[in-house]
Amino acid sequence: FIAATNRNDTVPRYLKNRVWSPAKTVATSSNAMDVAEPSNWPRVEAVFSAMNCPLSALEGISISEEMTAGSLRELYQCGYLSEPHAAVAAAALQQSLQPGEHGIFLGTAHPAKFKESVEQVLNLNMDLPAALQAVAGREILSTHLAADFQQIKAYLLSGTNR
Numbered sequence: 010f011i012a013a014t015n016r017n018d019t020v021p022r023y024l025k026n027r028v029w030s031p032a033k034t035v036a037t038s039s040n041a042m043d044v045a046e047p048s049n050w051p052r053v054e055a056v057f058s059a060m061n062c063p064l065s066a067l068e069g070i071s072i073s074e075e076m077t078a079g080s081l082r083e084l085y086q087c088g089y090l091s092e093p094h095a096a097v098a099a100a101a102l103q104q105s106l107q108p109g110e111h112g113i114f115l116g117t118a119h120p121a122k123f124k125e126s127v128e129q130v131l132n133l134n135m136d137l138p139a140a141l142q143a144v145a146g147r148e149i150l151s152t153h154l155a156a157d158f159q160q161i162k163a164y165l166l167s168g169t170n171r
């Protein structure tokens with residue numbers, strides 16, 4: 010297994026030296042990975058423990074912005090329009106494979122979610138899928154609330170959120 014991440018490399022460093030030392034978060038094009046102290050890490054450890062699988066079976070790889078862009082371009086040249094997070098996974102897989110080995114990487118987001126960065130790296134104009142075009146002009150129904158329990162409670166109990 011590979012734990013691939015961008016330059017926010019707390020997990021790869023931990024897997025290498027077993028010292029948990031989060032650094033300051035750095036903004037990247039793969040912004041869902043811009044987490045210096047991943048709160049889901051204890052769940053990963055619990056899963057490996059439940060499977061009686063040592064953490065040493067997990068390889069941590071950190072991918073730079075330059076490598077992410079290169080991976081995005083390489084995937085596109087192979088006929089696959091990706092997005093930055095899957096490009097990080099693909100680059101980490103490519104870096105990990107030994108001669109004669111094959112592997113798969115997983116990506117869960119549509120490239121349109123990261124339209125601007127994908128277009129910039131690939132120097133193209135990407136059309137939105139029909140399903141996204143259909144909702145693109147709709148009214149945004151979100152409400153901004155302060156991180157205040159009483160305000161959130163009052164909002165939820167008011168019924169205006171229905």
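Count the sequence shown with the working numbering and you get residues 10 to 171, in order.
C-beta atoms are modelled at their ideal positions from N, C-alpha and C, and glycine is treated no differently.
If I follow the unbroken beta strand (DSSP E) through residue i, where does it start and stop?
i, result
"residue 71", "68-71"
"residue 13", "11-14"
Would the beta-carbon of residue i fall within 8 Å of that of residue j?
i, j, result
"residue 94", "residue 41", "yes"
"residue 145", "residue 116", "no"
"residue 100", "residue 72", "yes"
"residue 14", "residue 31", "no"
Please name the residue in the options whose C-alpha comes closest to that of residue i.
i, options, result
"residue 122", "75, 91, 87, 102", "91"
"residue 25", "102, 11, 133, 86", "11"
"residue 39", "74, 28, 102", "74"
"residue 132", "27, 160, 78, 37", "78"
Measuring only the C-alpha atoms, how far is residue i from residue j?
i, j, result
"residue 81", "residue 68", "22 Å"
"residue 17", "residue 48", "14 Å"
"residue 136", "residue 166", "41 Å"
"residue 127", "residue 120", "7 Å"
"residue 147", "residue 125", "20 Å"
"residue 150", "residue 139", "21 Å"
"residue 60", "residue 134", "45 Å"
"residue 8", "residue 162", "Examination of residue 8 is not possible in this model, given that the chain is present from 10 through 171 alone."
"residue 158", "residue 88", "48 Å"
"residue 168", "residue 33", "39 Å"
"residue 22", "residue 153", "36 Å"
"residue 57", "residue 64", "7 Å"
"residue 35", "residue 106", "27 Å"
"residue 29", "residue 70", "15 Å"
"residue 108", "residue 27", "28 Å"
"residue 76", "residue 103", "11 Å"
"residue 142", "residue 129", "20 Å"
"residue 43", "residue 164", "30 Å"
"residue 37", "residue 66", "27 Å"
"residue 84", "residue 160", "46 Å"
For the alpha helix (DSSP H) containing residue i, list its first residue and its last residue.
i, result
"residue 25", "19-26"
"residue 51", "50-59"
"residue 176", "Only positions 10 to 171 of the chain appear in the structure, and residue 176 is not among them; the question remains open."
"residue 111", "Neither: residue 111 is in no alpha helix (DSSP H) and is coded neither H nor E."
"residue 31", "Unbroken run through residue 31: none, as it is neither H nor E."
"residue 44", "From DSSP, residue 44 is part of no alpha helix (DSSP H); its letter is neither H nor E."
"residue 84", "74-86"
"residue 153", "Taken as a continuous stretch (DSSP letters only), residue 153 belongs to no alpha helix (DSSP H), as it is neither H nor E."
"residue 93", "93-105"
Beta-carbon of residue i versus every beta-carbon of chain C: anything under 8 Å?
i, result
"residue 25", "The chain labelled as chain C is not found in the depicted structure, where only one protein chain is given."
Inter-stretch contact (C-beta, 8 Å, three-pair minimum) for the segment 52-59 and the segment 101-114: no
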